[in-house]
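Comments concern the structure below.
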Amino acid sequence: MPRTTWRTTLLVSALVAALLTPTAARAEPRAGAAGAGGGIPALTDEHGRVLTLRGWNVEDKANRGDAALSAVTEKHFRDMRAKGFNFARLLVLWDDLEPRPGRYSQTYLRKIERILDWAEKHDVKVLLDAHQDVFGPAFGHRGVPEWATRTDGLPFTPRPDDWFSEYFEPAVQRAFTHLYEDEDLRRAQARMWRVLADRFDDHPAVLGYDLINEPMGEVREGEDLATAARRIERDQLTPLYNRLADAVRSVDRDAWIFVEPTPIVGEGVPTGLGRIDDPKVVYAPHFYNTGMEAGADYDPAAGWIESYERAVTRYPEQYGVPVVVGEWGPLNNSLPNMNRFYRDAMSSLGRYGSGWAGYVWCYGGGYCAVDGTGAFRTNKELTAEPYAEAVAGRVRSTTYDPAAGVYRLAYDAAGRRGSRVTELSLPPGDWHVTARGAALVLRKDRGRTWILAAPDAHVTVTATRR
């Protein structure tokens, strides 16, 4: 959810409140989770292998009805995989799925399935994201259907030059309150998720479900934005996520459940979310900076990435859940410090997360990852690094030196009952891969390498760009 400018006075109060918030106590990772260090467990697959997701959002917000999702093609997934990416966060829209109460569009579901088939063909894992921007069509955007929008007659003034500020319009804020509190809307949202999960629970491409994109809420009189965000997260989003997780689990027992804080986390504000009572929860914050979204260059001395990292790791450390950043990437990538930004961001994301989805895989300008020819736009190529897609064992360390073109993975291979095959993804180029410690390089295929290790072996894999 890229945006232009925010209300500066509200964000100043948010930052002040964040600095005054005490550090949350750490808790042990979930039982059975593969540790990623620092109290944050790693994402794992059905074989217990440690996963890393690297990819992009895929969307079509412009087309509706019969034309919905027509802008998403097989080329998206073929090209992402060719550049080394294994993950897509696919935006799905409630207003397209259920244009009238209780009437679910089978055409829309078939279109989602076709996209998932393309993803499976190119071995890309997909997160289905129930997306909303400024609530939905009632306010000129996409997301929650107009029939599920209640405003109590409060005013709404469109702000096309600063659309994110429309979240603070009284009608939009009240619509969120009704969605969270009205029993019939709660049931409708849960039914929507049961329909999606029931349809796609056995699709091989589906990794999980992102229950609502960038949820917001109603700021009460006298509250600063940080206080309001933590209250909304604690009192409204936590029960919402538990309700929707229960709805998903009634038809799908295996997929990961992704939960987001409010977008205020991007300003270094720790979330107020509570525990989600589900064994497969992923914390999925977004990673946007106010100034950079307004067109400013990255300022390494400002400490924004460090502040964000401190704030965003508190929740997963406390509740023992993996982290996957659902959106990130500035609008203007060609400013003088943006090369430094991408290097700093990639380093930070690798310290605490199991993966990320950049915004957005499209062919053109603006936020697009690639241009019309499919070539990376300025500095976006820095997102294509070597990484271990799946590690059969406990990761000891991973390092990458972009200047030298050397990637190293050290891990302790799983025992005799675990999976023994580790998978690497390498960006386009000529790479030489070696393995030490009772391990063999099995084969290479279009930027991917498979490593077979003996049980309990101490393995070091090195990939060098030639």
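Those letters in the sequence shown? Residues 150 to 615, per our numbering, in order. Quick reminder that beta carbons are idealized off the backbone N, C-alpha and C, glycines included.
(request) Could you name each continuous alpha helix (DSSP H) segment of 4 residues or more that falls completely within the segment 419 to 457, going from the start of the chain to the end? (result) 439 to 442
(request) Helix, strand or coil for residue 177, going by three-state DSSP, please let me know. (result) Residue numbering aside, residue 177 sits at position 28 when the sequence shown is read from its first letter. Caution is warranted here: a pLDDT of 27 is assigned to residue 177, below 50, making its placement in the model unreliable, and the coordinate value is therefore given only provisionally. Note: residue 177 maps to coil in three-state DSSP.
(request) May I ask you to verify whether the segment 458 to 474 touches the segment 407 to 416, counting CB pairs closer than 8 Å and requiring at least 3? (result) yes
(message) So if DSSP puts residue 584 in a beta bridge, which residue, or which two residues, is it bridged to?
(response) Position 435 of the sequence shown holds residue 584. Residue 584 pairs with 610.
(request) Quick one: residues in its chain with C-beta nearer than 6 Å to the C-beta of residue 234, no 5 flanking neighbours on either side, listed in chain order? (result) Taking the first residue of the sequence shown as 1, we reach residue 234 at position 85. The residues are 203 and 204.
(message) So, under 8 Å CB-CB, residue 573 and residue 530 are touching, yes? Tell me the CB distance rounded to an integer number of Å.
(response) Here residue 573 corresponds to residue number 424 of the sequence shown, with the count starting at 1. Here residue 530 corresponds to residue number 381 of the sequence shown, with the count starting at 1. Wrong, their Cβ atoms sit about 19 Å apart, outside the cutoff.
(message) Taking only three categories from DSSP, how would you classify residue 472?
(response) Working through the sequence shown from its first residue, we reach residue 472 at position 323. Here residue 472 sits in strand by DSSP.
(message) Given this structure, state the Cα-to-Cα distance separating residue 210 from residue 284, to the nearest angstrom.
(response) Here residue 210 refers to the residue found at position 61 of the sequence shown. Here residue 284 refers to the residue found at position 135 of the sequence shown. If I take the Cα positions, the gap works out to 13 Å.
(message) For residue 608 and residue 562, I'd like the C-alpha separation in whole angstroms.
(response) For this step, residue 608 is matched to residue 459 along the sequence shown. For this step, residue 562 is matched to residue 413 along the sequence shown. Cα-Cα distance, rounded: 7 Å.
(message) Using a Cβ distance threshold of 8 Å, determine whether the segment 415 to 434 contacts the segment 378 to 395, with at least three qualifying pairs required.
(response) yes
(request) Answer with buried or exposed for residue 265, where buried requires no fewer than 16 other C-beta atoms within 10 angstroms of its C-beta. (result) On the sequence shown, position 116 is the one that residue 265 refers to. That one is buried.
(request) Label residue 482 either buried or exposed according to how many other C-beta atoms from any shown protein chain fall within 10 Å of its C-beta, with 16 as the threshold for buried. (result) If you number the sequence shown from 1, residue 482 lands on position 333. By the neighbour-count rule (16 or more Cβ atoms within 10 Å), residue 482 is buried.
(request) Give a yes or no on whether the C-beta atoms belonging to residue 366 and residue 322 are separated by under 8 Å. (result) As a working note, residue 366 is residue 217 in the sequence shown. As a working note, residue 322 is residue 173 in the sequence shown. Against a cut-off of 8 Å, the Cβ pair of residue 322 and residue 366 comes out as a contact.
(request) Taking 8 Å as the threshold, find out whether the segment 343 to 360 comes into contact with the segment 391 to 410 through three or more Cβ pairs. (result) yes
(message) Measuring alpha carbon to alpha carbon, tell me which residue in 596, 280, 611 and 378 is nearest residue 588.
(response) On the sequence shown, residue 588 is found 439 positions in, with the first residue counted as 1. Answer by Cα proximity: 611.
(request) Return the CA-CA distance between residue 114 and residue 217, expressed in angstroms with no decimal places. (result) The first residue shown for the chain is 150 and the last is 615, placing residue 114 beyond what the model contains.
(request) Given a cut-off of 8 Å, decide if residue 431 and residue 485 are closer than it, judged by their beta-carbon atoms. (result) Here the question's residue 485 lines up with position 336 in the sequence shown. Here the question's residue 431 lines up with position 282 in the sequence shown. Not in contact: residue 485 and residue 431 (Cβ atoms no closer than 8 Å).
(message) Assuming the contact rule is C-beta atoms closer than 8 Å, residue 277 and residue 355 should be a hit. Round their C-beta distance to whole Å, please.
(response) Here the question's residue 277 lines up with position 128 in the sequence shown. Here the question's residue 355 lines up with position 206 in the sequence shown. Correct: roughly 7 Å between the Cβ atoms.
(message) Please list the terminal residues of the continuous beta strand (DSSP E) segment that includes residue 246.
(response) Position 97 of the sequence shown, counted from the first residue, corresponds to residue 246. Residue 246 -> not in any beta strand (DSSP E); alpha helix (DSSP H) instead, spanning 243 to 246.
(request) Using alpha carbons as the reference points, say which of 560, 596, 579 and 582 lies closest to residue 603. (result) Along the sequence shown, one-based indexing puts residue 603 at 454. Of the listed residues, the one whose Cα sits closest to residue 603 is 560.
(message) Does residue 318 come out as helix, strand or coil in the three-state DSSP assignment?
(response) Counting from 1 along the sequence shown, the entry for residue 318 is found at position 169. Coil at residue 318, not helix or strand.
(request) To the nearest angstrom, report how far apart residue 257 and residue 348 are at their CA atoms. (result) Along the sequence shown, read from residue 1 onward, the residue named residue 257 stands at position 108. Along the sequence shown, read from residue 1 onward, the residue named residue 348 stands at position 199. Taking the straight line from one Cα to the other gives about 12 Å.
(message) Does residue 571 come out as helix, strand or coil in the three-state DSSP assignment?
(response) The residue given as residue 571 occupies position 422 in the sequence shown. Of the three classes helix, strand and coil, the one that applies to residue 571 here is strand, per DSSP.
(request) If I'm right that residue 226 touches residue 271 with Cβ under 8 Å, what's the distance once you round it to whole angstroms? (result) Within the sequence shown, numbered from 1, the residue matching residue 226 stands at position 77. Within the sequence shown, numbered from 1, the residue matching residue 271 stands at position 122. That pair is a contact at about 4 Å.
(request) Give a yes or no on whether the C-beta atoms belonging to residue 632 and residue 189 are separated by under 8 Å. (result) There is no way to answer for residue 632, as the model of the chain reaches only from 150 to 615.
(request) Alpha carbon to alpha carbon, how far is residue 453 from residue 438? Give it in angstroms, no decimals. (result) Taking the first residue of the sequence shown as position 1, residue 438 is located at position 289. Taking the first residue of the sequence shown as position 1, residue 453 is located at position 304. When rounded, the distance between both Cα atoms is 8 Å.
(message) Going by DSSP in three states, residue 478 sits in which element: helix, strand or coil?
(response) Taking the sequence shown and counting its residues from 1, one reaches residue 478 at position 329. Residue 478: coil per DSSP, three-state reduction.
(message) In the DSSP assignment, the alpha helix (DSSP H) including residue 462 goes from what residue to what residue?
(response) To locate residue 462, count along the sequence shown from 1; it is residue 313. Careful: residue 462 lies outside any alpha helix (DSSP H) and carries neither H nor E.
(request) Starting from residue 274, trace the alpha helix (DSSP H) both ways and give me its first and last residue. (result) Residue numbering aside, residue 274 sits at position 125 when the sequence shown is read from its first letter. It is not in any alpha helix (DSSP H) - residue 274 instead sits in the beta strand (DSSP E) that spans 274 to 279.
(request) Check the DSSP bridge columns for residue 206 and list the partner residues they point to. (result) Mapped onto the sequence shown, residue 206 falls at position 57. Paired residues: 238.
(request) Identify, in the order they occur along the chain, each residue of the same chain with its Cβ nearer than 6 Å to the Cβ of residue 219, setting aside the five sequence neighbours on each side. (result) Mapped onto the sequence shown, residue 219 falls at position 70. Correct list, in chain order: 212.
(request) Look up residue 599 in the DSSP assignment and give the residues it is bridged to. (result) The count along the sequence shown starts at 1 and reaches residue 599 at position 450. According to DSSP, which records beta bridges pairwise, residue 599 is partnered with 572 and 592.
(message) Which complete alpha helix (DSSP H) runs does the segment 374 to 405 hold, if anything under 4 residues is left out?
(response) 374 to 381 and 387 to 398
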